[in-house]
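**Student:** Under this note's numbering, the first residue of the sequence shown is numbered 4, with each subsequent residue one higher.
All C-beta atoms in this analysis are idealised placements derived from N, C-alpha and C, irrespective of residue type, glycine included.
Here the structure is a predicted model, which is why all the values come from computation and not from measurement.
Questions regarding the structure given below will be posed in turn.
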Amino acid sequence: MAIIEQRLAEMGLELPEPLKVRDGLLLPFVWVRMRGARAYISGHVACNRDGTLANPLGKVGAGVSPEQGYASARLVALAPSRQPQAGSRRPRSGHGLAARLRHGECCSRFQ
Numbered sequence: 004m005a006i007i008e009q010r011l012a013e014m015g016l017e018l019p020e021p022l023k024v025r026d027g028l029l030l031p032f033v034w035v036r037m038r039g040a041r042a043y044i045s046g047h048v049a050c051n052r053d054g055t056l057a058n059p060l061g062k063v064g065a066g067v068s069p070e071q072g073y074a075s076a077r078l079v080a081l082a083p084s085r086q087p088q089a090g091s092r093r094p095r096s097g098h099g100l101a102a103r104l105r106h107g108e109c110c111s112r113f114q
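Quick look at the structure:
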């Protein structure tokens, strides 16, 4: 991952720590599941660099500006790279990533 982290740093980005959940909380899914050379990534949220939940929370157009929405989307895209991996395997260069992207929610007044 050193090459990936270096390229992200050149763009002014940094991978966040894994999402921090309270002690004793067990999530009923794995963040990333490896099947052969493919990684299946579950839904993620925007995380700060320290792994805490990033603000703002809400809908674009109802308390969240488009600029804030873009910033949150960037953080969501970075989050899967640091989550615990199934069997501690991590995707490598040349491995395929299968992701189903869900667009952020906007309020009905947003144009």
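Is the distance from the Cβ of valine 48 to the Cβ of proline 59 below 8 Å?
**Tutor:** What you label residue 48 is simply residue 45 of the sequence shown in a count that begins at 1. What you label residue 59 is simply residue 56 of the sequence shown in a count that begins at 1. It is not a contact, given that the beta carbons lie outside the stated cut-off.
**Student:** In this structure, how does DSSP classify leucine 81 when only helix, strand and coil are distinguished?
**Tutor:** Sequence index remark: in the sequence shown, residue 81 carries index 78 (1-based). Looking at leucine 81 - three-state DSSP - the assignment turns out to be helix.
**Student:** Measure the CB-CB distance between arginine 77 and glutamate 20 and report whether it falls below 8 Å.
**Tutor:** Start at 1 with the first residue of the sequence shown, and residue 77 comes out as number 74. Start at 1 with the first residue of the sequence shown, and residue 20 comes out as number 17. Contact flag unset, no.
**Student:** Helix, strand or coil: how does DSSP classify alanine 5 here?
**Tutor:** Along the sequence shown, read from residue 1 onward, the residue named residue 5 stands at position 2. Of the three classes helix, strand and coil, the one that applies to alanine 5 here is helix, per DSSP.
**Student:** Count the other CB atoms, across all protein chains shown, that sit within 10 Å of the CB of valine 63; report buried if there are 16 or more and exposed otherwise.
**Tutor:** Here residue 63 refers to the residue found at position 60 of the sequence shown. Buried, since its Cβ has 16 or more Cβ neighbours within 10 Å.
**Student:** Considering only the beta carbon of each residue, do valine 24 and leucine 18 sit closer than 8 Å?
**Tutor:** If you number the sequence shown from 1, residue 24 lands on position 21. If you number the sequence shown from 1, residue 18 lands on position 15. Not in contact: valine 24 and leucine 18 (Cβ atoms no closer than 8 Å).
**Student:** Would you kindly check if the distance between the Cβ of valine 33 and the Cβ of alanine 42 is under 8 Å?
**Tutor:** Start at 1 with the first residue of the sequence shown, and residue 42 comes out as number 39. Start at 1 with the first residue of the sequence shown, and residue 33 comes out as number 30. Contact: no.
**Student:** Quick one: give me the first and last residue of the beta strand (DSSP E) that valine 35 is part of.
**Tutor:** Locating residue 35 in the sequence shown gives position 32, where the first residue counts as 1. Counting along the chain, the beta strand (DSSP E) containing valine 35 begins and ends at 35–38.
**Student:** Report, in whole angstroms, the separation of the C-beta atoms of cysteine 50 and alanine 80, which I expect to be a contact under 8 Å.
**Tutor:** One-based indexing of the sequence shown puts residue 50 at position 47. One-based indexing of the sequence shown puts residue 80 at position 77. Wrong, their Cβ atoms sit about 11 Å apart, outside the cutoff.
**Student:** Please work out which residues of its chain come closer than 7 Å, Cβ to Cβ, to histidine 53, disregarding the five sequence neighbours upstream and downstream, and give them in chain order.
**Tutor:** If you number the sequence shown from 1, residue 53 lands on position 50. The sequence shown places aspartate at residue 53, rather than the histidine named in the question. Contacts found: Glu20.
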